[in-house]
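Enquirer: The structure follows.
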Amino acid sequence: MVAVTAAGASSAAVGSHRGPDTPDTPDDARPPGGRPGRARLRALVDRMSLDEKVGQLFVSRAYGHSATDPDPVDAEQNLAAFGVRTAAELVSRYHLGGIIYFAWAHNTRAPQQIAALSVGLQQAALTTGARIPLLLSTDQEHGAVARIGKPATLLPGAMALGAAGSTAHALRAARIAGSELAAVGVRQDYAPVADVNVNPANPVIGVRSFGSDPHAVAELVAAQVRGYQRAGVAATAKHFPGHGDTETDSHVGLPVMRHTRAAWEELDEPPFRAAVEAGVDAVMTAHIVFPALDPSGDPATLSRPIVTGLLRERLGFQGVVVTDALDMAGVRQKYGDDRVPVLALLAGCDQLLNPPDLGLAHRSVRAAVESGELTEARVEESVLRILELKARRGLLDEAYTTGREVDAVVGVREHLDAADAIAAATTTLLADPGGLVPFDATAGPRLLVTGADPVSPTGTTGPPTAVLARELTALGCRATAVPPARAAAAAAGHAAVLVCTYNVPEGESPQRTLVADLIATGVPVVSLAVRNPYDSARLPKCAAELATYSWTDVEMRAAARVLTGALRPAGRLPVPVPGRYPLGHGLTR
Numbered sequence: 034m035v036a037v038t039a040a041g042a043s044s045a046a047v048g049s050h051r052g053p054d055t056p057d058t059p060d061d062a063r064p065p066g067g068r069p070g071r072a073r074l075r076a077l078v079d080r081m082s083l084d085e086k087v088g089q090l091f092v093s094r095a096y097g098h099s100a101t102d103p104d105p106v107d108a109e110q111n112l113a114a115f116g117v118r119t120a121a122e123l124v125s126r127y128h129l130g131g132i133i134y135f136a137w138a139h140n141t142r143a144p145q146q147i148a149a150l151s152v153g154l155q156q157a158a159l160t161t162g163a164r165i166p167l168l169l170s171t172d173q174e175h176g177a178v179a180r181i182g183k184p185a186t187l188l189p190g191a192m193a194l195g196a197a198g199s200t201a202h203a204l205r206a207a208r209i210a211g212s213e214l215a216a217v218g219v220r221q222d223y224a225p226v227a228d229v230n231v232n233p234a235n236p237v238i239g240v241r242s243f244g245s246d247p248h249a250v251a252e253l254v255a256a257q258v259r260g261y262q263r264a265g266v267a268a269t270a271k272h273f274p275g276h277g278d279t280e281t282d283s284h285v286g287l288p289v290m291r292h293t294r295a296a297w298e299e300l301d302e303p304p305f306r307a308a309v310e311a312g313v314d315a316v317m318t319a320h321i322v323f324p325a326l327d328p329s330g331d332p333a334t335l336s337r338p339i340v341t342g343l344l345r346e347r348l349g350f351q352g353v354v355v356t357d358a359l360d361m362a363g364v365r366q367k368y369g370d371d372r373v374p375v376l377a378l379l380a381g382c383d384q385l386l387n388p389p390d391l392g393l394a395h396r397s398v399r400a401a402v403e404s405g406e407l408t409e410a411r412v413e414e415s416v417l418r419i420l421e422l423k424a425r426r427g428l429l430d431e432a433y434t435t436g437r438e439v440d441a442v443v444g445v446r447e448h449l450d451a452a453d454a455i456a457a458a459t460t461t462l463l464a465d466p467g468g469l470v471p472f473d474a475t476a477g478p479r480l481l482v483t484g485a486d487p488v489s490p491t492g493t494t495g496p497p498t499a500v501l502a503r504e505l506t507a508l509g510c511r512a513t514a515v516p517p518a519r520a521a522a523a524a525a526g527h528a529a530v531l532v533c534t535y536n537v538p539e540g541e542s543p544q545r546t547l548v549a550d551l552i553a554t555g556v557p558v559v560s561l562a563v564r565n566p567y568d569s570a571r572l573p574k575c576a577a578e579l580a581t582y583s584w585t586d587v588e589m590r591a592a593a594r595v596l597t598g599a600l601r602p603a604g605r606l607p608v609p610v611p612g613r614y615p616l617g618h619g620l621t622r
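If you count the sequence shown from 1, you need to add 33 to reach the numbering used here.
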């Protein structure tokens, strides 16, 4: 159980955040004007030192499963990166406004552990410096991107929800996800993705987007904003001004968006406008160059015409603007790591996420204030927005979670059942000219399962071929999973071979060769695109083709139920598959 012992701080009671079944309110718990207790917050800012104000702007990674007792390897990582051994010391040294959790930083091993880490970090924040609670955050989009795995509930991701086409499902998924995050102390989620994926070659968005129709995306984004925030978690619409038509991953390069201003207004703007109108707490910027919106060549994160001119002034957004991670290549190519945080603030950003060198970034912002490049009033403007967000989400009154909340909320049967119910509407049957699907499970058909086995985004589910075989067997089939190298030789005598594919590239590829070799055996081949649905256009035509949009267990269970007739296929393509299927395509039975 998580113990709360911080002096001078009140511990949160069970149910201090809004759960997935809390009745809705018209204003989503946002006070009139969206500015809670401004005089109180102004007084907090006035008593803070410049170092403390600057610290509130930063959200940093920290290594380790514990705030005060990390494993030796994590202590060494902290020492190398920050000059301290523990996350608690990091919070105290830099007066941080937030910490972002990553699985690779060993922050997210298990729900009770995450809650204990959250309590330890809040104790460090509330007993040092300005004694302001942290805003703990993570990327828990679900689907292809998730930091917290089983036994937490894993839900269908954005494009799967787009295939279902239900705002009710999208809202329910976000409320469940938000309630479980709040229970472990995470009160800001970098979701939903508001990008409109109109480029099949997009290497970084894809199924993280709800789809290619800006108005459908806008409705689902707004629903998820409401869902997260009704559960007590700040939603973060990303990546402004839109990352859906790029062919470069901003983690490793600097993408360029070629849309005209008119195209941006038609395609990219609507989901962000919908998020703002839904009362979204935060918007994340993109590290992309968008010449039609700013010809300077600066990435959007550092662009005043984009952040202030469009987001603040055109869309009227008054909440927190958070940068995408500042250790990404897209924001580091034009300017040095000392200049990036200063330029982001000058552009209109508030939170500076995960700079590669926190000490350098903190010193650079302070030096910019001391030189007059940044005024202290400008820093205070961002600090006040951050404090308003923390107050709106209840952190200034109750910063702690408890072990009882974890037990009562995270991965409970009600949530797991809801995840399956939502997934039931997502699987899309793209082609079945011979009526192969569904298989008659009562006859116990022999099925062979093979293909791609991508690692679960949380490392806690899969591999998908084994899960699919297991679920098919549980439904009455005799299904066996085999590696691709053995599949063609093992195909004879089976009613069908099911092949999981994962982001098949254009042209020749091992996955295309595998499918062709299996078709050549004469055994019917069924393909399942377990990430981007564009795979079907890059493969030989199969006896049947499905899209699941994710490879986590919940989507594999839904696919198995469709394949055996336990479910009717209900999903519709939320993106077109060029040369093969139009937007909205999906077969029913």
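The C-beta atom is built at its ideal place from N, Cα and C for all residues, glycine as well.
These numbers come from a predicted model, not from an experiment.
Please report how far the alpha carbon of residue 497 lies from the alpha carbon of residue 143, in whole angstroms.
Expert: 22 angstroms
Enquirer: Rounded to the nearest angstrom, what separates residue 181 and residue 622 at their Cα positions?
Expert: 35 angstroms
Enquirer: Tell me whether the beta-carbon of residue 267 lies closer than 8 angstroms to the beta-carbon of residue 314.
Expert: Residue 314 is positioned such that its CB atom lies closer than 8 angstroms to that of residue 267.
Enquirer: Can you give the Cα-Cα distance for residue 581 and residue 241, rounded to whole angstroms?
Expert: 13 angstroms
Enquirer: If you drop the 5 nearest sequence neighbours on each side, which residues of the same chain put their C-beta closer than 7 angstroms to that of residue 303?
Expert: Closer than 7 angstroms at the Cβ level, and outside the excluded window around residue 303, lie 247, 248 and 251.
Enquirer: Measuring straight from C-alpha to C-alpha, what distance separates residue 333 and residue 528?
Expert: 53 angstroms
Enquirer: Looking at the C-beta of residue 267, does it have a partner C-beta in chain C at a distance below 8 angstroms?
Expert: Checking the listed chains, one finds no chain C in this structure; it contains a single protein chain.
Enquirer: If we require 3 or more residues per run, which beta strand (DSSP E) segments fall completely within the stretch 540 to 607?
Expert: DSSP runs (the beta strand (DSSP E)) wholly in the stretch 540 to 607: 558 to 562 and 577 to 580.
Enquirer: Quick check: the Cα distance between residue 160 and residue 615, rounded to an integer number of angstroms?
Expert: 58 angstroms
Enquirer: If I follow the unbroken beta strand (DSSP E) through residue 133, where does it start and stop?
Expert: Run containing residue 133: 131 to 134, per the beta strand (DSSP E) assignment.
Enquirer: Helix, strand or coil, according to DSSP, for residue 86 in the structure here?
Expert: Three-state result, residue 86: helix.
Enquirer: Between residue 62 and the rest of its own chain, which residues show a CB-CB distance below 6 angstroms, the 5 nearest in sequence each way excluded?
Expert: Here residue 62 scores only 38 on pLDDT, less than 50, and its place in the model should not be relied on; the value that follows carries that caveat. Contacts found: none.
Enquirer: For residue 179 versus residue 490, is the C-beta spacing smaller than 8 angstroms?
Expert: yes
Enquirer: Counting C-beta neighbours from all protein chains within 10 Å, is the total for residue 301 16 or more, i.e. buried, or is it exposed?
Expert: buried
Enquirer: My understanding is that residue 385 touches residue 91, with C-beta atoms under 8 angstroms, so please give their C-beta distance in whole angstroms.
Expert: Rounded to the nearest angstrom, the Cβ distance from residue 385 to residue 91 is 5 angstroms, consistent with a contact under 8 angstroms.
Enquirer: Need the endpoints of the alpha helix (DSSP H) that residue 513 sits in, please.
Expert: From DSSP, residue 513 is part of no alpha helix (DSSP H) but of the beta strand (DSSP E) over 511 to 514.
Enquirer: According to DSSP, is residue 429 part of a helix, a strand, or is it coil?
Expert: coil
Enquirer: In whole angstroms, what is the alpha-carbon distance linking residue 522 and residue 559?
Expert: 17 angstroms
Enquirer: Tell me the residue span of the beta strand (DSSP E) that contains residue 118.
Expert: No beta strand (DSSP E) holds residue 118; DSSP gives it neither H nor E.
Enquirer: Return yes when the Cβ of residue 287 is within less than 8 angstroms of the Cβ of residue 363, no when it is not.
Expert: yes
Enquirer: Threshold first: 4 residues or longer. Then list the alpha helix (DSSP H) segments lying entirely within the stretch 388 to 415, N to C.
Expert: 391 to 404
Enquirer: At which residues does the beta strand (DSSP E) containing residue 483 begin and terminate?
Expert: 479 to 484
Enquirer: Which residues mark the beginning and the end of the alpha helix (DSSP H) in which residue 248 is found?
Expert: 247 to 263
Enquirer: Suppose the cutoff is 6 angstroms on Cβ atoms and the five residues either side in sequence are ignored; what does the same chain contact list for residue 164 look like?
Expert: Closer than 6 angstroms at Cβ, skipping near neighbours: no residue.
Enquirer: Along the chain, which unbroken stretches of the beta strand (DSSP E) at least 3 residues long are found entirely within the stretch 266 to 344?
Expert: 267 to 273 and 315 to 318
Enquirer: Among the candidates 189, 399, 239 and 289, whose CA atom is the shortest distance from the CA of residue 86?
Expert: 399
Enquirer: Buried or exposed: which applies to residue 404, given that a residue is buried once 16 or more other Cβ atoms fall within 10 Å of its Cβ?
Expert: exposed
Enquirer: Which residue's Cα is closest to the Cα of residue 442: 325, 606 and 217?
Expert: Closest option to residue 442, Cα to Cα, is 217.
Enquirer: Got a sec, what are the start and stop residues for the beta strand (DSSP E) residue 461 sits in?
Expert: 461 to 464
Enquirer: Between the stretch 568 to 581 and the stretch 429 to 447, do three or more beta carbon pairs fall short of 8 angstroms?
Expert: no
Enquirer: Kindly indicate which residue of 567, 594, 577 and 587 has the alpha-carbon position closest to the one of residue 612.
Expert: 567
Enquirer: How would you write the range of the beta strand (DSSP E) that residue 171 sits in, first residue to last?
Expert: 168 to 171
Enquirer: Please report how far the alpha carbon of residue 356 lies from the alpha carbon of residue 454, in whole angstroms.
Expert: Residue 356 and residue 454 have their C-alpha atoms roughly 35 angstroms apart.
Enquirer: Tell whether a beta-carbon distance below 8 angstroms holds between residue 24 and residue 505.
Expert: No answer is possible for residue 24: it lies beyond the span of the chain, which begins at 34 and ends at 622.
Enquirer: Tell me whether residue 199 sits in a helix, a strand or coil according to DSSP, three-state version.
Expert: Note: residue 199 maps to coil in three-state DSSP.
Enquirer: Report all residues from its chain with a CB closer than 7 angstroms to the CB of residue 309; omit the five preceding and five following residues, and keep chain order.
Expert: 348, 349 and 350
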